[in-house]
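Worksheet: one structure, shown below.
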């Protein structure tokens, strides 16, 4: 059973917009420049710029992933725990919660 959620506030954190945040128009570090040698070796300056850019992309990716987990935690029932659920526990809880909701929908109505 597939439930489509088109009118709720999920659109603010849509998956389609996540990929575009990584495709920012930064300077092309792969183009030939005076910092590269004739033999095709890349200078340490370019390597450092590439590493810094990759680190920034990875940091942004992890921040977005952590925000998504925080958002998922807000939809799960709290069991009186004073600590935040881990990512693994959050996924387990979400899976159990979805299964329980599905069972409620499939249960025949008693009159």
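Numbering (this note's numbering), first residue to last: 3 to 113. We treat Cβ as the ideally placed atom computed from N, Cα and C, and that holds for glycine.
Per-residue DSSP class, three states only, for residue i
i: residue 72; result: helix
i: residue 44; result: coil
i: residue 85; result: coil
i: residue 109; result: coil
i: residue 80; result: coil
Beta-carbon spacing of residue i, residue j below 8 Å
i: residue 92; j: residue 67; result: no
Beta-carbon proximity list for residue i, same chain, < 7 Å, skipping 5 on both sides
i: residue 95; result: 78 and 87
task = For the region 60 to 78 and the region 86 to 95, state whether three or more C-beta atom pairs, one from each stretch, are separated by less than 8 Å.
result = yes
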